[in-house]
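For reference, the structure is listed below as C-alpha coordinates.
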Amino acid sequence: MTPGISTRTTSIGFNVMRIHYSADPDKNPATESGRRWLKQAKTGMSDARWRKEFEIDYGALSGQRVFPEFEPSVHVVHLFQLPPDEWTLYMACDPHPRTPHAFLWLAINREGEMVVPFSWWPEYMVQNNFHATVKDYIEGVREIEEYLAKSLLAEKIHIRVMDSERSMRFS
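Numbering (our numbering), first residue to last: 1 to 171.
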(Lines of atoms letter the chains of each structure in order from A and count residues from 1; the text may use other names and numbers.)
(Lines give C-alpha, C1' and ligand atoms only; values in the text may rest on other atoms or scores of the structure.)
Protein backbone atom coordinates (compact mmCIF):
# COMPACT_ATOMS: atom_id res chain seq x y z
CA MET A 1 0.00 0.00 0.00
CA THR A 2 1.16 3.54 -0.72
CA PRO A 3 2.43 5.44 2.35
CA GLY A 4 -0.28 7.74 3.70
CA ILE A 5 -3.14 5.61 2.34
CA SER A 6 -5.01 3.01 4.37
CA THR A 7 -8.18 0.98 3.90
CA ARG A 8 -10.51 -0.80 6.26
CA THR A 9 -13.97 -2.37 6.33
CA THR A 10 -16.43 -1.14 8.97
CA SER A 11 -18.44 -3.47 11.19
CA ILE A 12 -21.42 -3.05 8.86
CA GLY A 13 -19.46 -3.82 5.71
CA PHE A 14 -18.55 -0.39 4.31
CA ASN A 15 -15.12 -0.02 2.76
CA VAL A 16 -13.27 3.09 3.92
CA MET A 17 -10.17 4.56 2.32
CA ARG A 18 -8.21 7.19 4.26
CA ILE A 19 -5.83 9.43 2.37
CA HIS A 20 -3.42 11.35 4.56
CA TYR A 21 -1.67 14.46 3.24
CA SER A 22 1.65 12.59 3.45
CA ALA A 23 0.52 10.45 0.48
CA ASP A 24 1.33 13.51 -1.67
CA PRO A 25 5.13 13.60 -2.16
CA ASP A 26 5.06 17.42 -2.09
CA LYS A 27 3.40 17.35 1.34
CA ASN A 28 5.24 14.43 2.92
CA PRO A 29 7.09 15.78 6.00
CA ALA A 30 9.96 13.40 5.23
CA THR A 31 10.87 15.67 2.29
CA GLU A 32 12.16 19.26 2.26
CA SER A 33 9.15 20.50 0.27
CA GLY A 34 6.85 18.62 2.64
CA ARG A 35 8.40 20.28 5.68
CA ARG A 36 7.94 23.72 4.08
CA TRP A 37 4.32 22.90 3.24
CA LEU A 38 3.67 21.60 6.76
CA LYS A 39 5.04 24.74 8.41
CA GLN A 40 2.90 26.98 6.20
CA ALA A 41 -0.24 24.80 6.47
CA LYS A 42 -0.16 24.80 10.29
CA THR A 43 -0.01 28.60 10.45
CA GLY A 44 -2.96 30.02 12.40
CA MET A 45 -4.37 26.64 13.41
CA SER A 46 -4.36 25.18 16.91
CA ASP A 47 -2.55 21.89 17.43
CA ALA A 48 -5.82 20.14 18.36
CA ARG A 49 -7.60 21.42 15.23
CA TRP A 50 -4.62 20.37 13.08
CA ARG A 51 -4.62 16.86 14.54
CA LYS A 52 -8.36 16.47 13.96
CA GLU A 53 -8.45 17.81 10.41
CA PHE A 54 -5.09 16.71 9.00
CA GLU A 55 -3.85 13.84 11.16
CA ILE A 56 -7.29 12.15 11.11
CA ASP A 57 -7.39 12.08 14.92
CA TYR A 58 -11.11 11.93 15.78
CA GLY A 59 -10.54 12.55 19.48
CA ALA A 60 -8.16 15.50 19.09
CA LEU A 61 -10.76 18.10 20.09
CA SER A 62 -12.08 16.13 23.08
CA GLY A 63 -12.13 18.41 26.08
CA GLN A 64 -11.53 21.48 23.91
CA ARG A 65 -13.76 24.55 23.98
CA VAL A 66 -16.27 24.85 21.15
CA PHE A 67 -15.32 28.53 20.78
CA PRO A 68 -11.70 28.77 21.95
CA GLU A 69 -11.56 32.44 20.95
CA PHE A 70 -14.34 33.33 23.45
CA GLU A 71 -13.04 35.90 25.92
CA PRO A 72 -15.49 37.13 28.61
CA SER A 73 -13.80 40.55 28.86
CA VAL A 74 -14.50 41.07 25.14
CA HIS A 75 -17.71 39.12 24.53
CA VAL A 76 -19.73 39.74 27.71
CA VAL A 77 -21.17 43.19 28.40
CA HIS A 78 -23.18 44.65 31.27
CA LEU A 79 -26.92 44.97 30.80
CA PHE A 80 -28.00 48.08 28.94
CA GLN A 81 -31.20 49.38 27.36
CA LEU A 82 -32.02 48.43 23.77
CA PRO A 83 -34.20 51.31 22.50
CA PRO A 84 -36.26 50.04 19.53
CA ASP A 85 -35.40 53.10 17.43
CA GLU A 86 -31.72 52.07 17.70
CA TRP A 87 -31.89 48.27 17.93
CA THR A 88 -33.84 45.66 15.97
CA LEU A 89 -34.61 42.55 17.99
CA TYR A 90 -34.85 39.13 16.37
CA MET A 91 -35.72 35.77 17.89
CA ALA A 92 -34.56 32.48 16.38
CA CYS A 93 -35.64 28.96 17.22
CA ASP A 94 -33.55 25.88 16.52
CA PRO A 95 -36.10 23.02 16.64
CA HIS A 96 -35.10 19.47 17.46
CA PRO A 97 -37.20 16.31 17.26
CA ARG A 98 -35.66 14.51 20.29
CA THR A 99 -34.24 17.24 22.52
CA PRO A 100 -35.68 20.59 23.61
CA HIS A 101 -35.76 23.42 21.09
CA ALA A 102 -33.17 26.18 21.55
CA PHE A 103 -34.08 29.88 21.37
CA LEU A 104 -31.93 32.96 20.90
CA TRP A 105 -32.74 36.67 20.93
CA LEU A 106 -30.41 38.85 18.87
CA ALA A 107 -30.37 42.65 18.79
CA ILE A 108 -28.62 44.51 15.96
CA ASN A 109 -28.07 48.27 15.68
CA ARG A 110 -27.49 50.45 12.59
CA GLU A 111 -23.71 50.09 12.91
CA GLY A 112 -24.02 46.31 12.71
CA GLU A 113 -23.14 45.72 16.36
CA MET A 114 -24.82 42.59 17.71
CA VAL A 115 -25.91 41.68 21.21
CA VAL A 116 -27.53 38.48 22.45
CA PRO A 117 -29.69 39.73 25.32
CA PHE A 118 -31.13 36.28 26.06
CA SER A 119 -30.96 32.64 25.04
CA TRP A 120 -33.03 29.71 26.26
CA TRP A 121 -32.46 25.99 26.11
CA PRO A 122 -34.84 24.39 28.62
CA GLU A 123 -32.42 21.88 30.16
CA TYR A 124 -34.98 20.94 32.82
CA MET A 125 -36.99 19.23 30.07
CA VAL A 126 -34.13 16.79 29.51
CA GLN A 127 -33.49 16.21 33.21
CA ASN A 128 -37.17 15.56 33.93
CA ASN A 129 -37.92 13.72 30.66
CA PHE A 130 -40.51 16.43 29.93
CA HIS A 131 -42.02 16.44 26.45
CA ALA A 132 -42.90 20.00 25.46
CA THR A 133 -45.80 21.06 23.31
CA VAL A 134 -46.02 24.16 21.14
CA LYS A 135 -48.10 25.74 23.94
CA ASP A 136 -45.30 25.07 26.47
CA TYR A 137 -42.78 26.82 24.24
CA ILE A 138 -45.11 29.75 23.58
CA GLU A 139 -45.56 30.25 27.33
CA GLY A 140 -41.79 30.16 27.88
CA VAL A 141 -41.12 32.58 25.03
CA ARG A 142 -43.84 34.93 26.32
CA GLU A 143 -42.28 34.97 29.81
CA ILE A 144 -38.84 35.72 28.41
CA GLU A 145 -40.12 38.48 26.15
CA GLU A 146 -42.04 40.04 29.05
CA TYR A 147 -38.78 40.02 31.03
CA LEU A 148 -36.90 41.58 28.10
CA ALA A 149 -39.59 44.25 27.67
CA LYS A 150 -39.42 45.19 31.37
CA SER A 151 -35.66 45.14 31.81
CA LEU A 152 -33.98 45.93 28.48
CA LEU A 153 -36.40 47.33 25.96
CA ALA A 154 -37.89 50.79 25.95
CA GLU A 155 -41.20 49.39 24.76
CA LYS A 156 -43.05 46.11 24.40
CA ILE A 157 -42.40 43.58 21.65
CA HIS A 158 -45.25 44.03 19.17
CA ILE A 159 -44.75 41.32 16.57
CA ARG A 160 -44.23 37.65 17.23
CA VAL A 161 -44.56 35.01 14.54
CA MET A 162 -44.95 31.40 15.59
CA ASP A 163 -45.42 28.84 12.85
CA SER A 164 -47.38 26.03 14.47
CA GLU A 165 -47.44 24.16 11.15
CA ARG A 166 -43.70 23.48 11.46
CA SER A 167 -43.63 22.77 15.18
CA MET A 168 -43.31 19.24 16.49
CA ARG A 169 -44.42 17.46 19.59
CA PHE A 170 -41.69 15.41 21.27
CA SER A 171 -42.17 11.70 21.32
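Glycine included, C-beta positions come from ideal geometry on N, C-alpha and C.
Under 8 Å, with one C-beta from each stretch per pair, do the stretch 89-103 and the stretch 135-144 reach the 3-pair mark?
Output reads yes: the stretch 135-144 touches the stretch 89-103.
What did DSSP end up calling S33 once you bin it into helix, strand or coil?
By 1-based counting over the sequence shown, the position of residue 33 is 33. If DSSP states are grouped into helix, strand and coil, S33 belongs with the helices.
Go through its chain and collect everything with a Cβ distance to V16's Cβ below 8 Å, but skip five positions before and after it.
Here residue 16 is taken as the residue at index 16 of the sequence shown, counted from 1. Same-chain partners within the cutoff: T7, R8, T9, T10.
Confirm, please, whether the CB-CB distance from A23 to G4 is below 8 Å.
On the sequence shown, position 4 is the one that residue 4 refers to. On the sequence shown, position 23 is the one that residue 23 refers to. Yes, Cβ-Cβ distance for G4 and A23 is below 8 Å.
In chain order, what are the residue ranges of uninterrupted alpha helix (DSSP H) at least 4 long that sit wholly in the stretch 32-72?
Counting only runs of 4 or more, we get 32-41, 47-54.
Thinking C-beta only, is S46 closer than 8 Å to P68?
Here residue 68 refers to the residue found at position 68 when the sequence shown is read from its first residue. Here residue 46 refers to the residue found at position 46 when the sequence shown is read from its first residue. Contact: yes.
Given a threshold of 16 other Cβ atoms within 10 Å of its Cβ, counted over all protein chains shown, does L79 qualify as buried or as exposed?
Indexing the sequence shown from 1 puts residue 79 at position 79. It is exposed - the Cβ of L79 has fewer than 16 other Cβ atoms within 10 Å.
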